[in-house]
Amino acid sequence: MERKPTFLHQMNPLITCMIQADNMQSAIKTARNAAYDGCDAYGFQLEVFSKEQRTDDNMKSIFREMGRKPIYVTSYRSGQNAGMSDDELVDTLAWMINCGATLADVMGDYYCPDPIQITYDTTAVAKQKDAVKRIHDLGGEVLMSSHTMKFMTSDEVLKIATAHRDRGADISKIVTTANSEDEELENLRTIERLRRELDIPFLFLCGGSHTKLVRTIGPYLGTCMWLTVQRHDKLSTNAQPVCRAIRTIADNFDY
8 MERKPTFLHQ MNPLITCMIQ ADNMQSAIKT ARNAAYDGCD AYGFQLEVFS
58 KEQRTDDNMK SIFREMGRKP IYVTSYRSGQ NAGMSDDELV DTLAWMINCG
108 ATLADVMGDY YCPDPIQITY DTTAVAKQKD AVKRIHDLGG EVLMSSHTMK
158 FMTSDEVLKI ATAHRDRGAD ISKIVTTANS EDEELENLRT IERLRRELDI
208 PFLFLCGGSH TKLVRTIGPY LGTCMWLTVQ RHDKLSTNAQ PVCRAIRTIA
258 DNFDY
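Okay, here's the thing in structure tokens:
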């Protein structure tokens, strides 16, 4: 079997272009444009994509346009996925891995929804471990995510990241909030602490009014990738920087 490109063991942080498209043609056009903008990897968010267009042929066509670059996929509870069970969401992740994706996002509160997207319920954790193993058995990599959407201390963040690792995740993703300069600077210190104390790759991001430093220089301090957009539109995440801008920084910032 042909070996998939990987998000792991990279020499430099990857510039990952996130694609939030509701139809196949839009997704393909964005992927093509992002390639010219210099992205290293792609992200595809299934929760935005039309259920009517979720076929093997369509998904493989989209992933084919991404070439030999690693592909990160999400299947969150929002958007087109509203009302689906967590078992069904895990099924969609496995399906996308079979269609050619590399890295599946297993939410930290699958099987026991929690406001900060991390659960310590033993039954839910066991099911999450089974989901991680299922993805690994298919040849995929696993990122476990918790969008807490509130400011958290480095102790709180490290606790969540350690839980992700202990459940078998290859990468830990945590998104907090920063609404002041003090919180923004503390988030940068959290990245440095994760780099020193967490023994798996991590993606630490934040929302709120003070996001730019973390999302721009975070990878120079230890996060494993940038999450970017090809361009901003009604479906994109406003906090994510534009791919070509990050490409320019990465090519000209000797750090």
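Count along the sequence shown from 1, add 7, and you get the number used in the working numbering. Ideal placement from N, C-alpha and C gives every residue a C-beta, glycine not left out. Fair warning: this is a prediction, and the values are worked out from it, not measured in the lab.
Pairwise C-alpha distance: L210 and Q17 | 14 Å
Which residues bound the beta strand (DSSP E) around E2?
-> Summary: the structure shown does not reach residue 2, with the chain confined to residues 8 through 262, and so no result is reported for it.
Inter-stretch contact at 8 Å, needing at least 3 Cβ pairs: the region 154–162 / the region 173–187 | yes
Where does M8 fall in DSSP's three states?
-> With a pLDDT of 47 at M8, under the threshold of 50, the modelled position of that residue is not reliable, and no figure is offered here.
Are the region 27–41 and the region 128–142 in contact at 8 Å, needing three or more beta carbon pairs?
-> no
Could you pull the start and end residues of the alpha helix (DSSP H) that L96 belongs to?
-> Under the DSSP assignment, L96 falls in the alpha helix (DSSP H) whose first and last residues are D93 to C106.
Coil, strand or helix - Q87 by DSSP | helix
Closest by CA to A246, which one among K219, G147 and A138?
-> K219
Have a look at K166 and Y43 and give me their C-alpha separation to the nearest angstrom.
-> 39 Å
Check whether G175 and V139 have beta carbons under 8 Å apart | yes
Exposure label - R56; buried when at least 16 CB within 10 Å | The amino acid at residue 56 is misidentified as Arg; the sequence shows Phe. So F56 counts as buried.
Could you give the distance in angstroms between the alpha-carbon of R200 and the alpha-carbon of I224?
-> 15 Å
How many angstroms separate the CA atom of D258 from the CA atom of V97?
-> 37 Å
8 Å Cβ cutoff met for I78 and G107 | yes
Indicate the three-state DSSP secondary structure (helix, strand or coil) for S179 in the structure shown.
-> strand
Rounded to whole angstroms, what's the CA-CA distance from V249 to I207? Just pull it up for me.
-> C-alpha separation (whole angstroms): 27 Å.
Tell me which same chain residues have a C-beta within less than 6 Å of the C-beta of K11, skipping the five on either side of it?
-> T109
Local conformation of Q52 per DSSP, three classes = strand
Rounded Cβ spacing between L234 and M25 (contact assumed at less than 8 Å) | For a cut-off of 8 Å, the C-beta gap from L234 to M25 is around 5 Å, short enough to register as a contact.
For P226, which residues from the same chain have a beta carbon less than 6 Å from its beta carbon, with the 5 sequence-adjacent residues on both sides left out?
-> P20 and W233
Is the CB-CB distance between A41 and F14 below 8 Å?
-> Not a contact, by the Cβ cut-off of 8 Å.
Exposure label - R251; buried when at least 16 CB within 10 Å | Its Cβ being crowded by 16 or more others within 10 Å, R251 is buried.
Hey, how far is the Cα of D94 from the Cα of A111?
-> 14 Å
Quick one: measure Cβ to Cβ for G86 and E54, integer angstroms, because I've assumed they're closer than 8 Å.
-> 4 Å
Would you report the Cα separation of M8 and E188, rounded to the nearest angstrom?
-> Because the pLDDT of M8 is 47, which lies under 50, any placement of that residue in the model is unreliable, and the number read from its coordinates should be weighed accordingly. Each residue's Cα considered, the two are about 49 Å apart.
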